[in-house]
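Since the structure comes first, as structure tokens, the remarks are kept for the end.
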Amino acid sequence: MDIVMTSHVSEIKPGKIIHNLFLEVFALHDVLFGIMDKVHEQAGLATSQHKVILVLTHTGPVTVPDIADRLGVSRQFVQTVCNQLSSRGFLQFIDNPRHKRSKLAVLTDPGRTAFQAAQQKENEIIERALPDLDPEKTAQACRLLKTIRQSLPSG
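Going by numbering that gives the first Met the number 0, the first residue of the sequence shown is number 0, and it counts up by one from there.
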């Protein structure tokens, strides 16, 4: 039964409704996983590069192992992505005052500019793909998902 479409939501237990929401989120994640690779590529960054830059925009200077921990991937993978970003001038490595060998990855001004441009392109691509989504309902859905995420234990 699709409880989203039923007019008798008040008759359904809240746990069932929330469970259905989770199932929809999982299904959407699977669809978005493939689509976002294409969107990121069209916007000028690989998904892996986008994710590393996103970490750096939220954390500031951080080590490659710290980025890997945040993303749940191997240090070697993140090192490869950071090297790609460094070769494009989007990232640089600086000395780490806490560790002699583990440098800090830092987003450069060209990296920030490229990321902002990529995000703008992504927004335009998404808007063209989903022109009929109501912005207020979308913002409401974002708030709901954030509330749920913050209410659940992490890990």
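We put the CB at the ideal spot given by N, CA and C, even for glycine.
Check	Outcome
Specify the secondary structure class of VAL61 as computed by DSSP and reduced to three states.	strand
Does the distance from the CB of PHE89 to the CB of THR107 come in under 8 Å?	yes
Give the single residue among PHE25, LEU27, LEU70 whose Cα lies nearest to the Cα of THR46.	LEU70
Using 8 Å as the threshold, is the segment 108-125 in touch with the segment 28-44, meaning 3 or more CB pairs across them?	yes
Identify every residue that forms a DSSP beta bridge with ILE93.	LEU103
Beta carbon of ARG74, beta carbon of PRO60: below 8 Å?	no
With 16 other CB atoms within 10 Å as the buried threshold, where does LEU103 fall?	buried
Just verifying my parser: in three-state terms, what is the DSSP assignment at HIS98?	strand
Could you give the uninterrupted runs of the alpha helix (DSSP H) lying entirely in the segment 18-66, keeping only those of 4 residues or more?	46-58
Taking Cβ positions, are ILE66 and VAL77 nearer each other than 8 Å?	yes
Where does GLN149 land, buried or exposed, given buried means 16+ other C-beta within 10 angstroms?	exposed
Taking C-beta to C-beta, are VAL54 and VAL80 nearer than 8 Å?	no
First and last residue of the alpha helix (DSSP H) that includes ASP133?	First-last for ASP133: undefined, no H or E at that position.
For HIS49 versus ALA117, is the C-beta distance shorter than 8 Å?	yes
Kindly indicate which three-state DSSP category ARG111 falls into: helix, strand or coil?	helix
Judging by CA-CA distance, which residue of GLY33, THR56, THR146 is the nearest neighbour of GLN115?	THR56
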